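For reference, the structure discussed in these notes is given below.
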Amino acid sequence: MHAADYFMIAFVIVAYATGPLLAAFLVRRINRSDLFEQEEHQGREKR
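Count the sequence shown with my numbering and you get residues 13 to 59, in order.
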């Protein structure tokens, strides 16, 4: 095993570990922005 092999293995593990977390974080941000936009539109219509 060379240092490059360990680096590749570590990179793959980190990618698999952070992938779902990053995806969930992005989805939450997108959902929140959509909810805020919908609330603003509803508020304007009520006024």
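We put the CB at the ideal spot given by N, CA and C, even for glycine. Predicted, not measured: the structure shown is a model, and the values here were computed from it.
Expressed to the nearest angstrom, what Euclidean distance is found between the alpha-carbon atoms of residue 22 and residue 31?
-> 14 Å
Residues of its chain near residue 13, where Cβ-Cβ distance is below 7 Å and the 5 sequence neighbours each way are ignored = none
When you compare only the Cα positions, how much space is there between residue 18 and residue 29?
-> 16 Å
Whole-angstrom distance between residue 36 and residue 27, CA atom to CA atom = 14 Å
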